[in-house]
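Student: Mind looking over this structure? Questions follow.
There are 2 protein chains.
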Amino acid sequence: MGVGVCLTGFPPGLNRRVSHFFLKKIIPEPARLTIRTTAELAKHVGLSRATVSRILNGHSGIKQKNIERVMRVVDETGFSPNPYSNILRGKRSATIAVYLSSFKQHAVVQKLADVVHRLAKVGYTALIETAENADHADITRWIMRMRAEGVIFVGQHTDSGLAAQVRELAAAGVPHVFTENFSDAKANIVTLDRTQGLELAANHLLDLGHRRIGLMGISDKVPVEVARLIGLRRALEARKLDPASALVSVGDPPARVSNMIFGREMAQRFASGPRMPTAFVTVNDEIAFGAIEGFRTLGLAVPGNVSVIGFNNEDIAKFASPSITTIDAEIEATAAAAVDFLLSQLLKGVVISARSRLLPSRLVVRESTGPANR
Amino acid sequence: MGVGVCLTGFPPGLNRRVSHFFLKKIIPEPARLTIRTTAELAKHVGLSRATVSRILNGHSGIKQKNIERVMRVVDETGFSPNPYSNILRGKRSATIAVYLSSFKQHAVVQKLADVVHRLAKVGYTALIETAENADHADITRWIMRMRAEGVIFVGQHTDSGLAAQVRELAAAGVPHVFTENFSDAKANIVTLDRTQGLELAANHLLDLGHRRIGLMGISDKVPVEVARLIGLRRALEARKLDPASALVSVGDPPARVSNMIFGREMAQRFASGPRMPTAFVTVNDEIAFGAIEGFRTLGLAVPGNVSVIGFNNEDIAKFASPSITTIDAEIEATAAAAVDFLLSQLLKGVVISARSRLLPSRLVVRESTGPANR
DNA sequence: CATTTTTTGCGACACGTGTCTGTTATTTGG
DNA sequence: CCAAATAACAGACACGTGTCGCAAAAAATG
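Following this line, the structure appears as structure tokens:
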């Protein structure tokens, strides 16, 4: 009511702006009118709220002159209707939740960025949530409460408790997609074919004559990394080699607080342990970099004495010396495929479950791998 | 109305869940009840909506038995009131916009992560927006339309056109804070004292006997980097040295698509140019790393022939070899100070303008700097 | 049982939007 | 100038919430 009275004759907030003007005259502040609701807009152009709404929503049967008049004011003021009232009325929220495992790994963050950009391009706002400090159930319920139309999981989600939340989402009609492996049969997954990628890596090393391969960050204890192990085993078995003796692990690996530290410490463990391998596969390029630095400190040359393969094809793999042989993460392709998968469900209004798609891997051979030296 | 009828006797969506149950009996799906509104909750517990609302909002004068009954159902179902209707009613949105310059620099992303965590800890949702592909005015209006209570700018925002948006925010009563330098007198800034940081760096190099310092990524053309230049000049002038001759720039620096490439190319430019400096200060650790690799390729040892100082104290500065002397970015301290600054305004209901606070820098001396070799 | 106190119910309102229905105003055509 | 067509309006509704005033029921007290 009070607002209505204020509007009769004066644009709202005028008095405030005037006093501001008197306070310091340096900046003229051209008394820019602010329109907050369609009712204000209607009053300002001298039309009814219904007509303005019809114009805003592109209905027919309206005089061109009025359309232009309204649209000009819209352009000037940057007015757009309050999204919350529309969401409340049951319209789509134009929001998609992005459930990020962590901000720590920058390959993951790059994928996040790519996903966000692609969503923005088709008019969706990304609601970014991270699992670092909160409970899965809380976040999932928050996502549903915020009326997100879908969920994209970015990064490695290892907690199997998340499976229940995914089913809850599906039951509520909210489609989802993971961009990394996830150990639940009902989950939708669009991700790089790490099995094939590590098959490529293993074959590359075997071709170079390596017969003992050390694993850094790859273990059968973590379900999401099993795919990599399968690839390694497959390549070995194809050459009648025994994976159990060809693949070498470290008993109690250090905690992975920092990739580079982890790589360096793994290098030390391997070097001081029995059955030192001649080649190593790592879970990402930073670990590979740390390992190479670790080996160098120990007097072991790369690729002279040992070979190291990274993962992701980040900048550091390109520009470290030696540059690092690695498997490309195909970030853009994965993000594009995941977003497309989700959008197609939204378009059709169908919630898909238990579908997975693998994108082919690509080995990038650089300086960190060379012939086995025995 | 139809929903109301459905509710009289059956929890909503029961039929759907039952058919689902018959479809595959493997998972029992314990017919979990879903509560979507306070009205449904009230009907389910046999109370009036007003009473339930009073319970949910912690009013007094309610029987303990009913409180417990309602809260138990809330815990079971994870119900929470629709945030949109409350926002629409004018209640606070509990949302703070985070305006990110880019996802590319990971020191910036780390600060983003820290800010998001701190906001989450005090009950705020972060609305992350990036300026990479959109118009400042559009984003600012979107932020205001989303009823964000404040805006935190993370990363280097160089576009001076943003100043108008900041004033628009202030005029609308939305507080803001930058976490890096920004070239507008009305902006609030909480950031690292880069002037003091580069004073430390310059003094360190001067102590080592260096008299010609090359600049990588630091230029007086970019306003936000002027602070660094001032620090360098101040240190030089304190020792009666002429900044104009002591500081060496490259005429037409390459585009900064990748930090490491940029560093490597800058190394080549300097090495092939006149007046080759004996020491370099860079704008971040990755550029320093790239430069060191570039110098190594050219047969110049670090720190034997040239010294290099990075910025941020990222992992790569710690674990590269040589490890890199750098200035710590004080990410946590900056994020904490910025969030505190914004929250205090929200708490007091005051919008502050043109306040800036500088956090002290810290030089971390490592292997990439050594005595000048002439 | 009567009276007081405590607890709950009922209905309404506001927030901003898009849409619907019936009615009135304006323009167009002859 | 009149009839027909077109355009605009006014008012209502639903979405879900918190709150308010008032009435009614339930409980506690004498």
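From first to last, the protein sequence lines stand for chains H and A. At position 72 of the first sequence (counting the first as 1) the number is 660 in my numbering, and the numbers step up by one without a gap. At position 357 of the second sequence (counting the first as 1) the number is 945 in my numbering, and the numbers step up by one without a gap. Just so you know, even glycine gets a beta-carbon here, dropped at the ideal spot from N, CA and C.
(1) Can you list, in chain order, the residues of its chain with a C-beta nearer than 8 Å to that of Val762 of chain A? Leave out the 5 residues immediately preceding and following it.
(2) Helix, strand or coil: how does DSSP classify Glu768 of chain A here?
(3) Taking just the CA atoms, how far does Pro959 of chain A sit from Arg821 of chain A?
(4) Would you say Met804 of chain H faces chain A, with C-beta separation under 8 Å as the test?
(5) Taking only the alpha-carbon atoms, compute the straight-line gap between Leu946 of chain A and Val810 of chain A and give it to the nearest angstrom.
(6) Our contact map puts Arg852 of chain H next to Glu881 of chain H with C-beta atoms below 8 Å; I'd like the distance itself, whole angstroms only.
(7) Are Leu803 of chain H and Ser837 of chain H closer than 8 Å when you measure CB to CB?
(8) Can you give me the Cβ contacts of Ile727 of chain H inside the same chain, cut-off strictly under 6 Å, excluding the 5 residues immediately before and after it?
(9) Along chain H, which residues have their Cβ under 7 Å away from the Cβ of Tyr672 of chain A?
(10) Between the alpha carbons of Ser807 of chain H and Leu835 of chain H, how many angstroms are there, rounded?
(11) Please look up how many angstroms separate the CB atoms of Gly898 of chain H and Ala876 of chain H, rounded, as I've assumed it's under 8 Å.
(12) Of the residues that make up the segment 895-913 of chain H, which ones have a beta carbon closer than 8 Å to any beta carbon in chain A?
(13) Name the DSSP bridge partner or partners of Thr783 of chain H?
(14) Between Phe877 of chain H and the ligand ATP, is the CB less than 7 Å from at least one heavy atom?
(15) For a quick check, are the C-beta atoms of Ala917 of chain H and Leu780 of chain H less than 8 Å apart?
(16) Whose Cβ in chain A lies nearer than 8 Å to the Cβ of Gln744 of chain H?
(17) Among the residues of its own chain, which have a CB less than 7 Å from the CB of Ala760 of chain H, if the five just before and after it don't count?
(18) What in chain H is Cβ-close to Gln753 of chain A, meaning under 8 Å?
(19) Given Ser956 of chain A, which residues of its chain have a CB within under 6 Å of its CB, disregarding the five upstream and five downstream residues?
(20) Considering just the uninterrupted stretch of the beta strand (DSSP E) at Tyr687 of chain H, what are its terminal residues?
(21) Under the DSSP definition of a beta bridge, which residues are partnered with Ala532 of chain H?
(22) Asp702 of chain H and Ile919 of chain H look like a contact to me (Cβ under 8 Å); what is the Cβ gap, rounded to whole Å?
(23) Note down, in chain order, each residue of its chain lying with its Cβ closer than 6 Å to the Cβ of Asn900 of chain A, except the 5 sequence neighbours on either side.
(24) If I measure Cβ to Cβ from Ala627 of chain A and keep anything under 6 Å in the same chain, skipping five residues before and after, which residues do I get?
(25) Applying the criterion that 16 or more other CB atoms from any shown protein chain within 10 Å of the CB defines a buried residue, is Asn776 of chain H buried or exposed?
(26) Determine whether the Cβ of His632 of chain A lies closer than 8 Å to any Cβ atom of chain H.
(27) For the beta strand (DSSP E) holding Thr870 of chain H, just list the boundary residues, first then last.
(28) By the 10 Å Cβ neighbour count, where 16 or more other Cβ atoms means buried, how is Ala752 of chain A classified, buried or exposed?
(29) If we cut at 8 Å on Cβ distances, does Val606 of chain A have a partner in chain H?
(30) Can you list, in chain order, the residues of its chain with a C-beta nearer than 7 Å to that of Thr870 of chain A? Leave out the 5 residues immediately preceding and following it.
(31) Just how far apart, CA to CA, sit Ile623 of chain A and Arg660 of chain A?
(32) Looking at the secondary structure, which residues open and close the beta strand (DSSP E) in which Phe741 of chain H lies?
(33) Please classify Ala843 of chain A as buried or exposed, where buried requires at least 16 other C-beta atoms within 10 Å of its C-beta.
(34) Would Gln698 of chain A count as contacting chain H if we go by Cβ distances under 8 Å?
(35) Taking 8 Å as the cut-off, decide whether the C-beta atoms of Phe667 of chain H and Leu635 of chain H are in contact.
(36) May I ask you to report which of helix, strand or coil DSSP gives Leu750 of chain H?
Tutor: The structure says:
(1) Ile731, Met732, Ala736, Glu737, Gly738, Val739 and Val939
(2) coil
(3) 21 Å
(4) no
(5) 19 Å
(6) 6 Å
(7) yes
(8) Glu717
(9) Tyr672, Ile675 and Leu676
(10) 11 Å
(11) 3 Å
(12) Asp903, Ile904, Lys906, Phe907, Ala908 and Ser909
(13) In the DSSP output, where bridge partners are listed per residue, Thr783 of chain H has none listed.
(14) What this structure holds is no ligand at all, so the ligand ATP is not there to describe.
(15) yes
(16) Ordered by position in chain A, no residue passes the 8 Å Cβ test against Gln744 of chain H, which lies about 16 Å from the chain.
(17) Met732
(18) Correct list: empty, because the minimum Cβ distance to chain H is about 11 Å.
(19) Val890, Pro891, Val896, Pro910, Ile912 and Thr913
(20) Thr683 to Leu688
(21) Residue numbering for chain H in the displayed model covers 589 to 962; residue 532 of chain H lies beyond these limits and cannot be assessed.
(22) 6 Å
(23) Ala695, Asn872, Asp873 and Ala917
(24) Arg637
(25) buried
(26) no
(27) Ala867 to Thr870
(28) exposed
(29) Because the pLDDT at Val606 of chain A is just 26, under 50, the model does not fix this residue reliably, and the value given afterwards should be weighed accordingly. Val606 of chain A does not count as touching chain H.
(30) Met804, Gly805, Gly851, Ala876, Ala879, Val896, Ile897, Gly898 and Phe899
(31) 13 Å
(32) Gly738 to Val742
(33) exposed
(34) yes
(35) no
(36) helix
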